[in-house]
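S.K.:
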Amino acid sequence: MEHPSGTDGTNGSPDDDGDPLFRYDRPIFRDKTLLEIGHLPDPDKVVGRDTQMQRVANALNPAIFGEAPTALLIFGKTGTGKSLTARMVTERLKPEAAERGTSVETVILDCGEETTETAAVKTIANKLNDADETGVTVPLRGLSKSDYYKRLWTIVDTMTDIVFVIFDEVDMLEDDEVLRTLSRARENQKIVDSRVGIIGISNQLDYPDNLSERVKSSLQHTDLVFPAYDANQLNEILERRKEAFKPGVLTDDVIPLVSALAAREHGDARKAIDILRIAGDIAKDEDAEMVTEAHARQAKEQTEINRVRELIDGETQLAKLVLSALVLQAEQQEGAVPTQAVYEQYTQIATAMDTKTVSERRVSDILKQFNFHSVVRSERVGRGRGRGITNRHRIIEDLDIVKKALSRDADITYFE
Ligand SMILES: Nc1ncnc2c1ncn2[C@@H]1O[C@H](COP(=O)(O)OP(=O)(O)OP(=O)(O)O)[C@@H](O)[C@H]1O
Ligand SMILES: [Mg+2]
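Counted from 1, the sequence shown has number 268 at position 268 by the working numbering; the numbering is strictly sequential.
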């Protein structure tokens, strides 16, 4: 259950003391799933994507007659509705095609998970396969790449007339060979009865520049760019998900505020929805009756802390110590902090924490690593004539946010 309560005896089933262990009224939310990641909203809840939907539909349209769809590459910043639109249009195509005797299946491939060609082929085959129908299995390991391809061809030919493969975050693929092989499967007579439609999605706007020439020439595709949402559109998106909350609990200014906050960050609908959901969670945890502007601001900060935590999450304890040292120094001095100052601060903390210290060289390497994760930006600065150069470092993110992200780490407590 969501909420332990001892405050309202009428709402729970009493335990031996007469106090309810659970409560059966649902505070704040009526249907929180509307705000959850992965929820596919009803078509009437989608805002400002008519043109994009239409263009996706145009590219896929031939599939209705069992003909080859045009490959599609969709670009746009994060949270601009790319995955949503691709999923929605392929879902809507399915019954329309079925009416005309064409079977359509869709496989969504998360390329951040399946980064190699073999992993991609294996996963597509597995997702599409029904072993009873095809008589083919797709073992998780043990086959060569070409064997996985062979099984995939059998599966495609048996299972469906058209299969759309949505390569979500396609830029994460180690190489684009799988796009080429799939797009030419019919031409190369790997499959006989069916066709494969390719939809690539990326938030790297320059992704097509990185495609290999071989893929470019074999993948005759349409490019589609999704613009960011403005505050009004975000407002409308949130308005249409208001039913996630119980009637009357949202203060009037919450949705406009959340939309404005998210619009400032390149108009990310996911961010807007996240902030609204977290604002509700905070209100719920506080036992508040309504969700207010203050909850929304706290929620916004929470999403920022979460994002920074994700950036530093995989880092070692040592690396987090070094980052903390940089934060402390950055608070004390204007401008970028020299490696040596970071190092001195680090040894102080490490000594206070009774942990062994590492060399300045090692600390310098760790700072470079944070550059890679875009938490820190380092620059090389001359120390004056004949005195060599030094590296200086600054934190790109808001200092306070980084501090909060670090200090919630169980073993790092020196900020408090
Ligand atoms: N036009 C819209 N109307 C209603 N909800 C939307 C709209 N666009 C996006 N959303 C919602 O915002 C969230 C993010 O959308 P989506 O996953 O499609 O973004 P994306 O462009 O694929 O982002 P990323 O590049 O980060 O994967 C989803 O919960 C989606 O339902
Ligand atoms: Mg997406």
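Glycine is no exception: its CB is placed at the ideal position from the N, C-alpha and C atoms.
Measuring only the C-alpha atoms, how far is G66 from G197?
M.R.: Their Cα atoms are separated by approximately 11 Å.
S.K.: Taking V327 as the reference, which of R184, D147 and I401 has the closest Cα?
M.R.: The option with the nearest alpha carbon to V327 is I401.
S.K.: Consider the C-beta atom of S83 and the heavy atoms of ligand 1; say whether any pair is separated by less than 7 Å.
M.R.: S83: yes, Cβ under 7 Å from ligand 1.
S.K.: Can you find the residues in the same chain that come closer than 7 Å, C-beta to C-beta, to Q204, ignoring five residues on each side of it along the sequence?
M.R.: Around Q204: D171.
S.K.: Count the other CB atoms, across all protein chains shown, that sit within 10 Å of the CB of F226; report buried if there are 16 or more and exposed otherwise.
M.R.: By the 10 Å Cβ count, F226 comes out buried.
S.K.: Are there 16 or more other CB atoms within 10 angstroms of the CB of P14, so buried, or fewer, so exposed?
M.R.: Any reading at P14 needs caution, since the residue's pLDDT is 49, under 50, leaving its predicted position unreliable; the model's value is listed next. The residue in question, P14, is exposed, as its Cβ has fewer than 16 Cβ neighbours within 10 Å.
S.K.: Taking only the alpha-carbon atoms, compute the straight-line gap between A185 and L399 and give it to the nearest angstrom.
M.R.: Their Cα atoms are separated by approximately 52 Å.
S.K.: Helix, strand or coil for P247? Go by DSSP, reduced to three states.
M.R.: In the structure shown, P247 sits in coil (DSSP, three-state: anything other than H, G, I, E or B).
S.K.: So, for I273: in the same chain, excluding its five sequence neighbours on each side, which residues have a beta-carbon less than 6 Å away from its beta-carbon?
M.R.: If we look at I273 and ignore the five residues flanking it on each side, its Cβ neighbours are L35.
S.K.: Between T134 and T154, how many whole angstroms is the CB-CB distance? I'm expecting something under 8 Å.
M.R.: T134 to T154, Cβ: 6 Å. Contact.
S.K.: May I ask you to list the residues that DSSP assigns as paired with R380?
M.R.: R380 pairs with N391.
S.K.: Between the segment 19-33 and the segment 257-271, do at least 3 Cβ pairs fall closer than 8 Å?
M.R.: Output reads no: the segment 257-271 does not touch the segment 19-33.
S.K.: When you compare only the Cα positions, how much space is there between T80 and T357?
M.R.: Each residue's alpha carbon lies about 45 Å from the other.
S.K.: Just to check, is the beta-carbon of N58 closer than 7 Å to a non-hydrogen atom of ligand 1?
M.R.: Outside the cutoff, so no.
S.K.: With DSSP as the reference, identify every bridge partner of V337, one or two as the case may be.
M.R.: Paired residue(s): H393.
S.K.: Just checking, does the segment 208-222 make contact with the segment 235-250 on the three C-beta pairs under 8 Å criterion?
M.R.: No, the segment 208-222 is not in contact with the segment 235-250.
S.K.: Could you give the distance in angstroms between the alpha-carbon of P27 and the alpha-carbon of K284?
M.R.: Looking at the two C-alpha atoms, the distance is approximately 6 Å.
S.K.: Look at the Cβ atom of V337, then the Cβ atom of V322, and state whether they are nearer than 8 Å.
M.R.: Their beta carbons are not under 8 Å apart, which means V337 does not touch V322 by this criterion.
S.K.: For L173, report the span of its alpha helix (DSSP H) as first-last.
M.R.: Note, L173: premise wrong, no alpha helix (DSSP H); not H, not E.
S.K.: Helix, strand or coil for H266 per DSSP?
M.R.: Coil, per DSSP.
S.K.: Are there any heavy atoms of ligand 2 lying less than 7 Å away from the beta-carbon of D193, as far as the coordinates show?
M.R.: False, no ligand heavy atom lies under 7 Å from that Cβ.
S.K.: Considering only residues of the same chain and omitting the five flanking positions on each side of D176, which have a CB-CB separation below 7 Å?
M.R.: Closer than 7 Å at Cβ, skipping near neighbours: L211, S212 and V215.
S.K.: So C111 packs on F167, CB below 8 Å; how close in whole Å?
M.R.: Sure, about 5 Å apart at Cβ, within 8 Å.
S.K.: Out of L179, K122, T160 and V165, state which residue places its alpha-carbon closest to the alpha-carbon of R151.
M.R.: Of the candidates L179, K122, T160 and V165, the one whose C-alpha sits nearest the C-alpha of R151 is K122.
S.K.: Can you determine whether any heavy atom of ligand 1 sits closer than 7 Å to the C-beta of A231, and answer yes or no?
M.R.: It does not: the Cβ of A231 is nowhere closer than 7 Å to a heavy atom of ligand 1.
S.K.: Just to check my reading of the structure: I396 and V363 have Cβ atoms closer than 8 Å, yes? What is that Cβ distance to the nearest angstrom?
M.R.: With 8 Å as the limit, I396 and V363 do not qualify as a contact, their Cβ atoms being about 19 Å apart.
S.K.: Check whether the Cβ atoms of I108 and D157 lie closer than 8 Å to each other.
M.R.: Taking 8 Å as the Cβ cut-off, I108 and D157 do not qualify as a contacting pair.
S.K.: Give every residue of the same chain whose Cβ lies closer than 6 Å to the Cβ of K404, excluding the five residues on either side of it in the sequence, and list them in chain order.
M.R.: Excluding residues within five positions, the ones whose Cβ falls inside 6 Å are I305.
S.K.: Hey, how far is the Cα of L237 from the Cα of L84?
M.R.: Reading the sequence as shown, one finds Ile at residue 237 and not Leu. Computed Cα separation, rounded: 13 Å.
S.K.: Could you name the residues of the same chain whose beta carbon sits closer than 8 Å to that of R55, not counting the 5 residues immediately before and after it, in chain order?
M.R.: Answer for R55: T222 and L224, listed in chain order.
S.K.: Taking only the alpha-carbon atoms, compute the straight-line gap between A279 and L250 and give it to the nearest angstrom.
M.R.: Taking the straight line from one Cα to the other gives about 10 Å.
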